[in-house]
Each structure stands twice: as structure tokens, then as C-alpha cells.
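There are 2 protein chains.
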Amino acid sequence: MNETELIQRLTASLPTNDSVRVGAGDDCAVLDLALPGQWLLFKTDAVVEGVHFTAATEPEKIGRKALARALSDIAAMAGTPTHALVTVGLPDMNSPERIEAIYRGMTTLAQQHGVAIVGGETTTTPVLTLSIALLGTVPPARCVRRAGSQSGDAIFVTGQLGGSLHGRHLDFEPRLSQARWLAEHFLPHAMIDLSDGLASDLRHLLDASHCGAELLTPAIPISDTLRQAARQTPSSKPPLLAALTDGEDYELLFTIAPRQAVPLLDAWKQAFADLRLSCIGRITAKPGITLRDRDGVRPFTAHGYVHFQKS
Amino acid sequence: MNETELIQRLTASLPTNDSVRVGAGDDCAVLDLALPGQWLLFKTDAVVEGVHFTAATEPEKIGRKALARALSDIAAMAGTPTHALVTVGLPDMNSPERIEAIYRGMTTLAQQHGVAIVGGETTTTPVLTLSIALLGTVPPARCVRRAGSQSGDAIFVTGQLGGSLHGRHLDFEPRLSQARWLAEHFLPHAMIDLSDGLASDLRHLLDASHCGAELLTPAIPISDTLRQAARQTPSSKPPLLAALTDGEDYELLFTIAPRQAVPLLDAWKQAFADLRLSCIGRITAKPGITLRDRDGVRPFTAHGYVHFQKS
């Protein structure tokens, strides 16, 4: 049993109640608590030293990243974040100055997005661990889920992909305003934020939507960081493969009706001149991911990266 | 700077907004999101192997305890828990069976209290860590805070205190129904759940209420576990000291107007025949905790337990 299978097994039998609109398996839980005109979004996310940052990472950036990841999940449902709780797990040796700097990084980002931090808890853990619980709201008609893509939909992605671990994973901007704008003007059929990597997160969206995708590989926006790295270190992972499989992009991946694709691109340029938006393929009825380039079409399996390795 | 001072310093400058009725420093955050007739309660709590349980603890009990602690915080504000998110931090070696058993312990308790578990996250941590984020609701007029005790109030505590680490910390019942009954029928001026120990948690309540307390030591309900332990191991911590300072009782401590004390005791016996309720002292205008017994009155300082040690 792998992690995904285990989680599926665990979440299949979780207790629920009438107010739960979306439970486990989407970017946030969605709850109908009879708030006037709003559903409540509920999300937790944890970062751990040695996994999401190192002992050498600047503490402000650790705090910022912990909150930014959770904000990105609220963005993935086109919501507005409102309140956060912070749990800090500490080994004994951590200095108060370091903790204060972690909080500083977190509160600065919280203020930028109007998020109230309404409590904090500390506990003892072997390595520094930050856990964020986040609430948000979304009008029911504008809540975008992972499920909902339809065959023929155009697939879009914001920004540039890959190479985030060179630095961007510590200072990315959660795409909150872009997601709300999308839901207001174009209402995507389905959306997810990219945390595990384009191929993995697209697969999550396809699984939830019960369909497949054909990606146009020349259209995938490969990050400048990746291109530079490839020039400097010719033996590194090929940039296209890295853009497909590197994690921690925290960009939005969404699908819309094909007739909306061109109007969206035009309107986007007006609204967000500084952020690239790329149409990278289309949703297919047939499950699975295929890649199309000038040489033809080939499947991209869960372990499909072998097709791309340099010989 | 000790932990309390650090947290005070960190929480003094947290961002807030208009919907926050109670932020950091109470058992839960209290939010006014315009739910009809309800405020929202928001709480996170984490348990860590080696701190809150051991590698030998039965996994069902680990899961149960993690959720029960958070439920106890909802009880402390007289609320009703509604939705939980679960974060499981795992070292690689944990078996799927163990995780399933942890979830089983958690979901059984969740079902008993009508709590929906609306998502789960796993991450890699050096030792098993469970973090619960919990939502609840409370009618604004029945929300009981730590602040609000008045000079002359009678101080009450449910159950028996001390010796929880002999086993009760793994299977205590969060006092949710009792707290709601109290808020409906007697509306305590202030309430807290006992997690750090009677003396520490009373001090939190007193600090929030800007007053002091005189405890009648013969009235403090010492647990049967402690009395047995004292008989078997005469060198152990004196039972009264243990009842004052042992943590993890998860009982309710609250104060009410003195004229309500006798009616409360009478009504309690009708409502909760199986759970002891003890009046253990009174709130004083003068800050600090004093202990009264047949020999007189003496102060109980933060390190006051030296007064009780056997010579």
C-alpha cells in the first residue's frame, strides 16, 4: 500500500454531516454553515525542517512559506482567506529571536492578505515544525473544485514551472487575486494549485474530474531558472521533465470551456500584465496524460519520465 | 525569556480584523462570521510522541487523545464541535495498520460527538505527530471565556484531579455536554479546561479575569489513583500537591456567582449523577492564589509546591 492508497482508505470512512459540501480530497474542505452568501473553506498545512526548508533557511522565509502554502490552497478554490491559527513545534534549543523572526515572516504575509492570526500554540518536536490552520470564504457559485473538467476544455497554467527549489519556493506569491478574478469573470470548470508538480497535480484534477489530458509540450512554460540551470549543468534533469515533475510551483492549473480560451487570454493580459498565462493543452474523455509535440503523441505515465531521460 | 513571555510577546502584535471576538490567549479563538445565532470557535492542538504518548501507546488511544484534547478546549467555551481536520506527521517506518488504528480511535470519538472529519494531510516528521484543527459553534450569549470571574465568585471543578498520567490522559471524556448544560442553566462567569494542572490553569483564568483565588484545600477532589499511589509509594508526590500540579485532567474549572453555588450543586446531582462537582474556593479581589486549611492560610506561588514537600 503506498501513501495515496492509504489516504484513500483512511478518508473513505471518515465521519461526515449535512454541512459538508466537500470533504477530504480537494484543496480545502468546503462547509455550509449558513453564512450569508458564503461557504467556509477550511485547510491545514504543515512544513517540517529537512523536508520543506533546511536548518539554514532564513526564519522569516520559513514563517512566510508555511502560511503561503495554505493561502495557495484557498486560492485553488477561488476563496478569500480570513483567519489562521499557528502551531509551532520546537526542539528545546531554538532561540526566541528565531521564533520571533518566523512569526514576523508569517504576520507580514498575513497582513498583506487581510488574514487575522487568532492564536498560536507551541509544542515540543524533534525538529522545527510549523502547522497552519486556515479559514476562508467563497461565494457558493464561485467555488471552484478539482472535479468539473469536461472533455474539450482548454487547460491553463499561470506563471513559469520548475526549479522552484532554487529559491522561489520560499518567496512565491499565492495566486489569490488571480483565482478570484478567474472565478468572477471566467469561472473555471476545475482548478488546483501546483504543489506536487504539474504532472502529479494535473493527475489529481483528472482523477477528480474522471477524464484525461493531452498536453502540448512546447506550450509548457519552462522557468528561466530551469533554462539557466540546464545551460550551466548539461547533465541536469531536462527542463521539460523538470517543469512537469518538479514540485512547489504554487501556480494555478485550471480548465475552461474552449470557446473562452481566447477571451480569457486577452482579458488576462489587461488584468495581470506581469504574470504569464499559458494554454498548455486540452481535456480528453480518455483517461491518462499524453504529450504532443512535433514528433507526435506519447503517453506520460506515472513513471513516464524515463521517456525523456537523455541517453 | 521563558515560554509564556515569548508567547505573550509574539501574540501581542498579531494581525486581527473586525470579525475576531477573541484572539490568542483563550481556549479557542472566537469569530463572528455572521452565522445566524452562532459564533464560530476555532482551535488547533498537537500531540507528539515522547511528549503526549510513548512509542508503546496503543494507536487507537493516540488518535482518540489527539481529538479529545481539542474537544476539551471547545468544551471550555461551552461550545459544540462541528468539523475537524487531521494532520499526521510520520517517520517512514510507520505501518499502515498503525495509522489506520490511529484514525479508528479518532473517528470513533468524532462520531460520538457528531464531528465531521473533513480532511487529512500527511507529512514526514521524525516522530509521530498528530495535529487537530477543530471548528465549533456557540451562541454568543452562552460563550464562556477565561476572563469574567468576579470577586466573591464560587470556584468549581468537575471530576477528580491528579494522577492522569497513570492512564486517564488516554481515555478521558471531554466535558462537552456538562459545559453546555452549565452555560444554559447557570452561565459561569469564566471557564477553562484543566490541561496544565489545577494551579497553572487557575492562574490562567485569574490572569485573564484580573483577580485572585483562595482555595479550600480539603475541598480539592484528589483522585483515587493518587490516593492509591500514595499508599503504595509513600515517597511519591503528596496527593494534594499532585492534584494541584499534575497536568492532563481535562476537567472543567469555572466560577459562578456565590448565590448560585447551592442551586448548582443540587441541579448538577440531578443532571450528572455519575460525575463529581466540587466547590473548591472563592475568587478574591487580591491577585494570587492562597490555600486555606484548618491550620490557616498560606500563599501558593508559582514554585509554591516546596511548602508541601515532605521533610
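Just so you know, the sequences run in chain order A and B. The numbering of the first sequence is this note's numbering, which starts it at 1 and goes up by one. The numbering of the second sequence is this note's numbering, which starts it at 1001 and goes up by one. Built from N, CA and C at the ideal position, the CB exists for glycine as well. This structure is a prediction, so every number in the text was calculated from the model and none was measured.
Can you tell me which of the three DSSP states residue i falls into?
| i | result |
| --- | --- |
| B:H1113 | coil |
| B:N1017 | coil |
| B:A1078 | coil |
| A:A12 | helix |
| B:I1132 | strand |
| B:A1024 | coil |
| B:R1292 | strand |
| B:P1299 | strand |
| A:T107 | helix |
| A:F308 | Legend: pLDDT at A:F308 = 41, less than 50; position of this residue unreliable, value from coordinates given subsequently. A:F308: helix per DSSP, three-state reduction. |
| A:V127 | coil |
| A:S278 | strand |
| B:I1220 | coil |
| B:L1035 | coil |
| A:E5 | helix |
| A:E97 | helix |
| A:T233 | coil |
Label residue i either buried or exposed according to how many other C-beta atoms from any shown protein chain fall within 10 Å of its C-beta, with 16 as the threshold for buried.
| i | result |
| --- | --- |
| B:Q1008 | exposed |
| A:R203 | buried |
| A:S95 | exposed |
| B:V1297 | exposed |
| A:K269 | exposed |
| B:V1262 | exposed |
| B:H1307 | No answer about B:H1307 holds up, because its pLDDT of 39 lies below 50 and its placement is not dependable. |
| A:H185 | exposed |
| B:D1045 | buried |
| A:R282 | buried |
| A:A141 | exposed |
| B:E1060 | buried |
| B:L1165 | exposed |
| B:D1224 | exposed |
| B:R1259 | exposed |
| A:D27 | buried |
| B:G1119 | buried |
| B:A1068 | buried |
| A:P234 | exposed |
Taking the beta strand (DSSP E) that residue i belongs to, which residues open and close that run?
| i | result |
| --- | --- |
| B:G1144 | Here the sequence assigns Val to residue 1144 of chain B, which means Gly is not the residue at that position. Neither: B:V1144 is in no beta strand (DSSP E) and is coded neither H nor E. |
| B:A1154 | 1154-1158 |
| A:D193 | 190-193 |
| A:A29 | 29-31 |
Let's see if you can read the secondary structure: which residues bound the alpha helix (DSSP H) around residue i?
| i | result |
| --- | --- |
| A:D73 | 59-75 |
| A:K43 | Premise fails: A:K43 lies in the beta strand (DSSP E), 39-48, not in any alpha helix (DSSP H). |
| A:L252 | That residue, A:L252, is in no alpha helix (DSSP H); its beta strand (DSSP E) goes 252-256. |
| B:T1245 | 1239-1245 |
| A:L51 | In the sequence under discussion, the amino acid at residue 51 of chain A is Val, which differs from the Leu named in the question. Where A:V51 is concerned, there is no enclosing alpha helix (DSSP H), given that its DSSP letter is neither H nor E. |
| A:A208 | 198-209 |
| A:K269 | 261-271 |
| A:A183 | 176-185 |
Among the options, whose alpha-carbon lies nearest the alpha-carbon of residue i?
| i | options | result |
| --- | --- | --- |
| B:G1288 | B:R1294, B:R1282, B:T1301 | B:T1301 |
| A:E121 | A:Q111, A:I132, A:V127 | A:I132 |
| B:L1071 | B:E1049, B:V1048, B:K1043, B:V1138 | B:K1043 |
| B:L1006 | A:H83, A:F156, A:V88, A:V144 | A:V88 |
| B:L1275 | B:S1235, B:Q1178, B:D1032, B:P1091 | B:Q1178 |
| B:A1230 | B:A1242, B:A1219, B:G1079 | B:A1242 |
| B:L1240 | B:P1188, B:I1280, B:D1045 | B:I1280 |
| A:L170 | A:D32, A:C28, A:E248 | A:E248 |
| A:F272 | A:T290, A:W181, A:T245 | A:W181 |
| A:E100 | A:L31, A:P36, A:R64, A:A154 | A:R64 |
| A:I155 | A:E173, A:D201, A:V138, A:P126 | A:D201 |
| B:K1286 | B:H1052, B:R1104, B:E1214, B:V1118 | B:E1214 |
| A:A347 | A:A147, A:Q232, A:L14, A:L265 | Residue numbering for chain A in the displayed model covers 1 to 311; residue 347 of chain A lies beyond these limits and cannot be assessed. |
| A:L90 | A:P81, A:V48, A:A110, A:V115 | A:V48 |
| B:H1210 | B:A1068, B:S1151, B:G1079, B:T1158 | B:S1151 |
| B:T1108 | A:P299, A:S13, A:L253 | A:S13 |
| B:T1255 | B:D1153, B:T1054, B:V1022 | B:D1153 |
| B:R1021 | B:M1077, B:G1119, B:T1123, B:R1069 | B:M1077 |
| A:R294 | A:A183, A:A55, A:A34, A:P218 | A:P218 |
| A:P188 | A:S236, A:A267, A:A257 | A:A257 |
Rounded to whole angstroms, how far is the Cβ of residue i from the Cβ of residue j, which I believe are closer than 8 Å?
| i | j | result |
| --- | --- | --- |
| A:L40 | A:H113 | At roughly 17 Å, the Cβ-Cβ gap does not stay under 8 Å, so A:L40 and A:H113 are not in contact. |
| B:T1011 | B:G1025 | 6 Å |
| A:A66 | A:L130 | 4 Å |
| B:L1161 | B:I1117 | Between B:I1117 and B:L1161 the Cβ distance is about 31 Å, and since that is not below 8 Å, they are no contact. |
| A:V144 | A:Q38 | The pair is not a contact, with the Cβ atoms about 15 Å apart (cut-off 8 Å). |
| B:S1149 | B:L1205 | 6 Å |
| A:G197 | A:T284 | Wrong, their Cβ atoms sit about 20 Å apart, outside the cutoff. |
| A:L35 | A:H83 | A:L35 to A:H83, Cβ: 13 Å. No contact. |
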